[in-house]
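Q: Top line first, the protein sequences correspond to chains A and B. Reading the first sequence from the start, the letters are residues 1 to 244 in the working numbering. Reading the second sequence from the start, the letters are residues 245 to 301 in the working numbering.
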Amino acid sequence: MWTWFYRLSSPPYVYRTAAACMPWLLGGAALAIAYGVVDGLAFAPPDYQQGDAFRIIYVHAPSAWLSLFAYMTMAVAGGIGLIWRIKMGHAVAAASAPIGASFTLAALVTGSLWGRPMWGTYWAWDPRLTSELILLFLYVGVMALRSAFDDPNRGDRAAALLAVVGMVNVPIIHFSVVWWNSLHQGATVAKLGKPEMPGSMLWPLLAMLFGFMLFYGAVLCIRLRGEVLNRERQSAWVREAIGS
Amino acid sequence: MNSGSFWAMGGYARFVWPCFAFVGAVLAWNLWSAWNLVGAARVRAARAFAMAAHDNS
Numbered sequence: 001m002w003t004w005f006y007r008l009s010s011p012p013y014v015y016r017t018a019a020a021c022m023p024w025l026l027g028g029a030a031l032a033i034a035y036g037v038v039d040g041l042a043f044a045p046p047d048y049q050q051g052d053a054f055r056i057i058y059v060h061a062p063s064a065w066l067s068l069f070a071y072m073t074m075a076v077a078g079g080i081g082l083i084w085r086i087k088m089g090h091a092v093a094a095a096s097a098p099i100g101a102s103f104t105l106a107a108l109v110t111g112s113l114w115g116r117p118m119w120g121t122y123w124a125w126d127p128r129l130t131s132e133l134i135l136l137f138l139y140v141g142v143m144a145l146r147s148a149f150d151d152p153n154r155g156d157r158a159a160a161l162l163a164v165v166g167m168v169n170v171p172i173i174h175f176s177v178v179w180w181n182s183l184h185q186g187a188t189v190a191k192l193g194k195p196e197m198p199g200s201m202l203w204p205l206l207a208m209l210f211g212f213m214l215f216y217g218a219v220l221c222i223r224l225r226g227e228v229l230n231r232e233r234q235s236a237w238v239r240e241a242i243g244s
Numbered sequence: 245m246n247s248g249s250f251w252a253m254g255g256y257a258r259f260v261w262p263c264f265a266f267v268g269a270v271l272a273w274n275l276w277s278a279w280n281l282v283g284a285a286r287v288r289a290a291r292a293f294a295m296a297a298h299d300n301s
């Protein structure tokens with residue numbers, strides 16, 4: 001039952017699997033994002049309150065969702081590296097961090113641009129916005145901590161520990177709109193039983209969410225290959241893999 | 245919807261288009277930096293093997 005898990009700890013297997021999966025993930029992402037952008041910008045009806053400004057949701061919500069998903073991936077992979085001492089866990093965590101940080105920044109920038117016409121301000125110290133900003137600082141902290149050690153193994157362990165501790169921020173971000181009074185709107189898509197959007201607005205959003213997830217998978221595969229090469233560059237299999 | 249009203253985005257163009265442009269740039273940066281990481285790692289590995297071969301000879 002655990003064979004697949006142990007195979008994931010083999011660097012050559014991870015390197016080859018990532019190379020095989022990447023084109024499919026990237027192709028699927030391109031199709032889903034292209035459909036989501038065209039349908040969301042040109043065919044979805046304007047919102048009855050927000051007008052066409054609501055279309056920012058098609059890039060804001062997937063970016064915000066991905067910022068949390070990438071963090072959870074990073075923390076779980078780092079935790080696996082810490083507990084089972086699987087080096088590939090640390091490699092996945094290292095590959096996930098810059099992707100997640102960039103999408104956290106995207107969520108903050110697009111949210112700020114959406115907030116100006118809707119709330120009258122680019123920024124407010126609102127629970128959702130503040131906790132998302134803390135997420136960006138956590139990403140930066142994890143990346144800085146990893147590169148702060150001369151010994152890469154110690155850097156991996158320290159970064160993984162910070163990532164695992166920082167997991168406490170993930171439910172705070174998700175439930176901030178429920179636990180506190182917030183300018184930010186509540187969940188719309190997460191209510192799968194009764195989403196608060198009509199299908200004409202919801203389908204392009206779901207396509208964008210799906211497309212961003214596939215894109216994350218594709219970039220993670222590419223970055224993972226780089227991380228594996230960096231960590232295994234003394235190994236004989238790397239010589240064959242790069243044809244040196 | 246005609247072309248003019250599409251680009252105007254109901255008066256919200258200066259908020260909507262920068263959001264899409266920024267996220268497009270983030271997507272492009274992610275791909276570029278990931279390929280760059282792999283390229284640099286391959287060069288580093290090749291250099292390490294070349295140095296090892298030189299030391300052995």
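Note that CB positions come from ideal geometry on N, CA and C, so glycine has one too.
1. Could you check what DSSP says for A:Ala-39 in three-state terms: helix, strand or coil?
2. Where are the alpha helix (DSSP H) runs, 4 residues long or more, that stay fully inside the region 160-244 of chain A, in chain order?
3. Would B:Gly-254 pass as an interface residue toward chain C - the criterion being a Cβ-Cβ separation below 7 Å?
4. Is there a C-beta anywhere in chain B that falls below 7 Å from the one on A:Leu-224?
5. Are the beta-carbon atoms belonging to A:Cys-221 and A:Met-74 less than 7 Å from one another?
6. Determine, using beta carbons only, whether A:Thr-110 and A:Val-59 come nearer to each other than 7 Å.
7. Looking at the unbroken alpha helix (DSSP H) that takes in A:Ala-106, where does it start and where does it end?
8. Could you list which residues in chain A have their beta carbon closer than 7 Å to that of B:Asn-274, in chain order?
9. Under the three-state reduction of DSSP, which class applies to A:Asp-52: helix, strand or coil?
10. What whole-angstrom Cβ distance do A:Ala-95 and A:Glu-227 have, given they're in contact under 8 Å?
11. Please specify which runs of the alpha helix (DSSP H), each continuous and at least 4 residues long, are wholly inside the region 246-296 of chain B, giving them in chain order.
12. Taking the alpha-carbon of A:Ala-64 as reference, which of A:Trp-84, A:Trp-237, A:Gly-27 and A:Phe-103 has the nearest alpha-carbon?
13. Is the CB of A:Ala-53 under 7 Å away from at least one CB in chain B?
14. How would you call A:His-90, buried or exposed, if buried means at least 16 neighbouring beta carbons within 10 angstroms?
15. Taking the alpha carbon of A:Ala-29 as the point to measure from, which residue in A:Val-219, A:Ser-131 and A:Leu-224 has its own alpha carbon closest?
16. Output yes or no for whether 7 Å exceeds the beta carbon distance between A:Phe-212 and A:Pro-62.
17. What's the gap between the Cα of A:Val-178 and the Cα of A:Leu-161?
A: Let me lay it out:
1. Checking the displayed sequence, the identity of residue 39 of chain A turns out to be Asp instead of Ala. When secondary structure is reduced to three states using DSSP, A:Asp-39 falls in the helix class.
2. 169-179, 199-231 and 236-242
3. In the structure shown, chain C does not exist; the protein chains are A and B.
4. no
5. no
6. yes
7. 87-119
8. Ile-99, Ser-102 and Val-219
9. helix
10. 5 Å
11. 247-252
12. A:Phe-103
13. yes
14. buried
15. A:Val-219
16. Inclusion of A:Phe-212 and A:Pro-62 in the CB contact set at 7 Å is warranted, their separation being smaller than that value.
17. 28 Å
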